[in-house]
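Trainee: So that we are looking at the same thing, I have put the structure below in structure tokens.
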Amino acid sequence: MEEQFPMIQWIDEKGSLVQDLDQELITEDVIRNMYRNMVRIRTFDRKAISLQRQGRIGTYAPFEGQEAAQVGSAMCLRNTDWLFPTYRDHGATMTFGHSLKTILTYWNGRNEGCVPPEGLHIFPPSVPIATHLPHAAGAAYAEKRKGTDNIAVAYFGDGATSEGDFHEGLNVASVLKSPVVFFNQNNNYAISVPIHKQMNSKTIAQKSVSYDIPGVRVDGNDIIAVYTEMNRAIERARSGEGPTLIEAVTWRYGAHTTADDPTKYREQRESEDRRASKDPVARLELYMKQAGLWDEEWVTGIKEEVAQEIDQAIEEMESLPPADVNVIFDYVFESPTWTIEKQKKDYVALMERGDQ
Amino acid sequence: MQTTVGTNTLTLVQAVTDGMRTMLREKQEVLVMGEDVGKNGGVFRATDGLQAEFGEDRVIDTPLSEAGFTGAAIGMAINGFLPIVEIQFLGFVYPAYEQIMTHASRIRARTMGHYSVPMVIRAPYGAGVRAPEIHSDSVEALFTHMPGIKVVCPSSPYDAKGLLIASIEDPDPVLFMEPMRNYRSSREEVPEDKYTVEIGKGKLLTEGEDVTVIAWGAMVPVAEKAVKQMEEKGVNCDLIDLRTLYPLDQDIIAESVQKTGRTVIVQEAHATSGVANDVISVINDTSFLYQKAPIERVTGFDTPVPFFAYEDHYLPTPERVIKSIEKVVSF
Numbered sequence: 001m002e003e004q005f006p007m008i009q010w011i012d013e014k015g016s017l018v019q020d021l022d023q024e025l026i027t028e029d030v031i032r033n034m035y036r037n038m039v040r041i042r043t044f045d046r047k048a049i050s051l052q053r054q055g056r057i058g059t060y061a062p063f064e065g066q067e068a069a070q071v072g073s074a075m076c077l078r079n080t081d082w083l084f085p086t087y088r089d090h091g092a093t094m095t096f097g098h099s100l101k102t103i104l105t106y107w108n109g110r111n112e113g114c115v116p117p118e119g120l121h122i123f124p125p126s127v128p129i130a131t132h133l134p135h136a137a138g139a140a141y142a143e144k145r146k147g148t149d150n151i152a153v154a155y156f157g158d159g160a161t162s163e164g165d166f167h168e169g170l171n172v173a174s175v176l177k178s179p180v181v182f183f184n185q186n187n188n189y190a191i192s193v194p195i196h197k198q199m200n201s202k203t204i205a206q207k208s209v210s211y212d213i214p215g216v217r218v219d220g221n222d223i224i225a226v227y228t229e230m231n232r233a234i235e236r237a238r239s240g241e242g243p244t245l246i247e248a249v250t251w252r253y254g255a256h257t258t259a260d261d262p263t264k265y266r267e268q269r270e271s272e273d274r275r276a277s278k279d280p281v282a283r284l285e286l287y288m289k290q291a292g293l294w295d296e297e298w299v300t301g302i303k304e305e306v307a308q309e310i311d312q313a314i315e316e317m318e319s320l321p322p323a324d325v326n327v328i329f330d331y332v333f334e335s336p337t338w339t340i341e342k343q344k345k346d347y348v349a350l351m352e353r354g355d356q
Numbered sequence: 001m002q003t004t005v006g007t008n009t010l011t012l013v014q015a016v017t018d019g020m021r022t023m024l025r026e027k028q029e030v031l032v033m034g035e036d037v038g039k040n041g042g043v044f045r046a047t048d049g050l051q052a053e054f055g056e057d058r059v060i061d062t063p064l065s066e067a068g069f070t071g072a073a074i075g076m077a078i079n080g081f082l083p084i085v086e087i088q089f090l091g092f093v094y095p096a097y098e099q100i101m102t103h104a105s106r107i108r109a110r111t112m113g114h115y116s117v118p119m120v121i122r123a124p125y126g127a128g129v130r131a132p133e134i135h136s137d138s139v140e141a142l143f144t145h146m147p148g149i150k151v152v153c154p155s156s157p158y159d160a161k162g163l164l165i166a167s168i169e170d171p172d173p174v175l176f177m178e179p180m181r182n183y184r185s186s187r188e189e190v191p192e193d194k195y196t197v198e199i200g201k202g203k204l205l206t207e208g209e210d211v212t213v214i215a216w217g218a219m220v221p222v223a224e225k226a227v228k229q230m231e232e233k234g235v236n237c238d239l240i241d242l243r244t245l246y247p248l249d250q251d252i253i254a255e256s257v258q259k260t261g262r263t264v265i266v267q268e269a270h271a272t273s274g275v276a277n278d279v280i281s282v283i284n285d286t287s288f289l290y291q292k293a294p295i296e297r298v299t300g301f302d303t304p305v306p307f308f309a310y311e312d313h314y315l316p317t318p319e320r321v322i323k324s325i326e327k328v329v330s331f
């Protein structure tokens, strides 16, 4: 199966091209944009962990190490497409155009964090694993029925492929020929469970065979490979050829969430080694230096820019008015049922009396 | 209730088909999906003729994949369509339960109204037709306990069409429970045109001063028989068909039990945590001091719905209902 689904690579670990670039697709601007976006989401991720440590947001799911997979795939989308993320995919959603303030608000335990910017189709993060794959299949089918060439992408991890909804989602999408890309980030761990305990399958891409859809395995730390293959999958979807399963092989350096300690279940030296040899941001940097695209001044500039942008988002998140109790009652139905109305009225009266 | 020119004499299952056909004609966004709903017209023929009239793109035979097609319907519903999903038997809904509990019923609340799921989940339910095991469950309480979904359960052809159309037009998800025992047991005049029956409103079927009998779905004919027999014995009952199980019609319950002070609730489902208990809560909250006797429940048992050789033991009967009516009267 590893021969049938070879790991596709464009830049090797030394930053050298192993295949010729598609010059029309991978322009210098695209490469700079890739680098900028990866720096941006990594800076955000580190800042968010620090906010959690300071008690300024709640439990947080970090993605450091997976920047190439998330940025490379999300950069391929049009703003009329649909994005169905998990809780570890806000690197992808912010690249797609999600608001940083809104993402932080989600991690601060508020519903405002589930509302995408006007005009962008971003579903709230799926917390139950793989349950959003059928949604993506359905939303994409709806686009096809409307006669557009918009597509949907669902992000999910290696553990998700053990869930029934993964298989049902792929099967339904395959049967309906939904224009959807199933974008898997295989970071080798589902919380603490390593992939060899998750599946006997040698690859995740091979699971596409069961549904007779294209399956592609890419080096998920090589942003050029991710971007190129994601573009091909999206083109297939837009032109009516149905779904694709992409496996982007990657690694998360840190914990599953800020609530766990990865040293309990794995040798963290492996994370250090991978950071030294396979880091997605460093790899693009090496390539840009070889290609003559590196400019220290520009890099310093973007680092300052993104830091400012993130600080601004934190300030906005922290200056939101206090969470409003009405939010829990007012959106369950379009018009509240009498039970909810009564519960709200009773509770609000209790609060107003101050003896809750 | 609207007056219409024409009516047809329909069974409950035909009225369901009629309701879907009416809405498929009216709105391009309406889709029907599920197992065998196409050429076969559904295992109970509820979708008979719909694929021929509206095409394979609108009446969709899905893979045997309750979570998959319910999840896909959620994706369609958030993107402008109005799917009607058929679950072949309510006892087969469990693989889709996660989709309904964590997504269909919750997305409006999670996103403060940005996304919503105007979807109807139709499911035949209940015992009494000698079906194989698991085909006879009546688990409405699994859904009345679920925030964000309405639960509707008609007992007559007229209500079935009107409530189904109201459910399709409802902006939120609705579980539409169809008592398979009532599917072809009686016929009724059903208007040809579009009409709705309001969700959340019960119906008073018979009026009496002595006892309030409350039932829904397949238990309505059972309660009706008991009420008729009691009438011959000089005990007159209000018989309420709840029609909607969430949200309950507290006004119709309160008005009746404040008049009679004696209540019998007939529920096919298991006793514990059932809808009958919620009816008792409504009586407790609205009419406690009017009660002249402890409220009686006639229900299924806290056992799995048995194999059909035993189902007559499990199902409430008119005789059991009569015993309970006599008990509250003579308290």
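So the protein sequences, as listed, match chains A and B. Residue numbers for the first sequence, in UniProt numbering: 1 to 356. Residue numbers for the second sequence, in UniProt numbering: 1 to 331. Ideal Cβ placement from N, Cα and C applies to all residues, glycine included. Just so we're clear, the structure is a prediction, and the values are computed from it rather than from any experiment.
(1) Any idea what DSSP makes of residue 175(A), helix, strand or coil?
(2) List, in chain order, every chain A residue whose beta-carbon is nearer than 8 angstroms to that of residue 137(B).
(3) Residue ranges of each alpha helix (DSSP H) run of no fewer than 4 residues wholly in the stretch 138 to 214 of chain A, ordered along the chain?
(4) Pull up the distance between the alpha-carbon of residue 398(A) and that of residue 345(A), whole angstroms please.
(5) Just mark residue 172(B) as buried or exposed, buried being the case when its beta carbon has 16 or more other beta carbons within 10 Å.
(6) Over the uninterrupted beta strand (DSSP E) stretch that includes residue 82(A), give me the two end residues.
(7) Please name the residues in the stretch 61 to 79 of chain B whose beta-carbon is closer than 9 angstroms to at least one beta-carbon of chain A, in chain order.
(8) Just to confirm before moving on: does the CB-CB distance between residue 81(A) and residue 184(A) stay below 7 angstroms?
(9) Please state if the CB of residue 180(A) and the CB of residue 357(A) are separated by a distance shorter than 7 angstroms.
(10) Can you tell me the Cα-Cα spacing of residue 94(B) and residue 137(B), whole angstroms?
(11) Sort 272(A), 230(A), 120(A) and 65(A) by Cα distance to residue 41(A) and report the nearest one.
(12) Using beta carbons (cut-off 7 angstroms, strictly below), is residue 347(B) in contact with chain A?
(13) Are the stretch 196 to 206 of chain B and the stretch 296 to 312 of chain B touching, with three or more C-beta to C-beta distances below 8 angstroms?
(14) Could you spell out where the alpha helix (DSSP H) holding residue 287(A) opens and where it closes?
(15) If we ignore side chains and look at the alpha-carbon of each, how far apart do residue 88(B) and residue 103(A) end up?
(16) Below 8 angstroms between beta carbons is the criterion; list the residues of the stretch 89 to 113 of chain A that meet it against any residue of chain B, in chain order.
(17) Would a check of beta-carbon distances place residue 58(A) closer than 7 angstroms to chain B?
(18) Count the other C-beta atoms from every protein chain shown that fall within 10 angstroms of the C-beta of residue 349(A), then say buried if there are 16 or more, exposed otherwise.
(19) Starting from residue 8(B), follow the beta strand (DSSP E) in both directions and report where the run begins and ends.
(20) Select from the stretch 141 to 169 of chain A all residues with a C-beta closer than 9 angstroms to any C-beta belonging to chain B, and list them in chain order.
(21) What is the DSSP secondary structure of residue 303(A), counted as helix, strand or coil?
(22) Can you tell me the Cβ-Cβ gap for residue 174(B) and residue 150(B), rounded? I've got them flagged as a contact below 8 angstroms.
(23) Return the CA-CA distance between residue 352(A) and residue 187(B), expressed in angstroms with no decimal places.
(24) Excluding sequence positions up to five away, which residues of its chain have a Cβ less than 7 angstroms from the Cβ of residue 356(A)?
(25) For a contact meaning CB atoms closer than 7 angstroms, what does residue 109(B) contact in chain A?
(26) Using 8 angstroms as the Cβ pair cut-off and three pairs as the minimum, do the stretch 11 to 22 of chain B and the stretch 42 to 60 of chain B touch?
(27) Write down the C-beta distance between residue 214(B) and residue 240(B) rounded to the nearest angstrom, noting that I regard them as a contact closer than 8 angstroms.
(28) So, is the C-beta of residue 322(B) closer than 7 angstroms to a C-beta in chain A?
(29) Work out the CA separation of residue 63(A) and residue 44(A) for me, nearest whole Å.
(30) What three-state label does DSSP hand residue 356(A) in the structure shown?
(31) So, using beta-carbon positions, are residue 331(A) and residue 112(B) closer together than 7 angstroms?
(32) Taking its Cβ as the centre, do 16 or more other Cβ atoms sit within 10 Å of residue 220(A), making it buried, or is it exposed?
(33) Applying the 10 Å Cβ sphere with the 16-neighbour rule, what's the burial state of residue 168(A)?
(34) Quick one: list the residues of chain D neighbouring residue 57(B), beta-carbon separation under 8 angstroms, in chain order.
(35) May I ask you to report which of helix, strand or coil DSSP gives residue 203(B)?
(36) Comparing the C-beta of residue 148(B) with each C-beta of chain A, is any distance below 7 angstroms?
Mentor: With the given structure in hand:
(1) helix
(2) Within chain A, no residue comes near residue 137(B); the closest Cβ sits about 20 angstroms away, beyond 8 angstroms.
(3) 164 to 176 and 195 to 198
(4) Nothing in the structure corresponds to residue 398(A), since chain A is present only between 1 and 356.
(5) buried
(6) 82 to 84
(7) 62, 63, 65, 66, 67, 68, 69, 70, 71, 72, 73, 74, 75, 76, 77, 78 and 79
(8) no
(9) Within the shown structure, residues of chain A are numbered from 1 to 356, placing residue 357(A) beyond reach of any answer.
(10) 11 angstroms
(11) 65(A)
(12) Missing from the structure shown is residue 347(B); chain B here goes from 1 to 331 and no further.
(13) no
(14) 280 to 290
(15) 40 angstroms
(16) 111 and 112
(17) no
(18) exposed
(19) 7 to 10
(20) 141, 142, 143, 145, 146, 152, 164, 165, 167, 168 and 169
(21) helix
(22) 5 angstroms
(23) 54 angstroms
(24) Reliability fails at residue 356(A), whose pLDDT of 48 lies under 50, so the model's placement of it is uncertain and the value that follows must be treated cautiously. 350, listed in sequence order.
(25) 331 and 332
(26) yes
(27) 5 angstroms
(28) no
(29) 10 angstroms
(30) Confidence at residue 356(A) is low in this model, with a pLDDT of 48, below 50, so its placement is unreliable and no value can be given for it.
(31) yes
(32) buried
(33) buried
(34) Given the protein chain composition of this structure (A and B), no chain D is represented.
(35) strand
(36) yes
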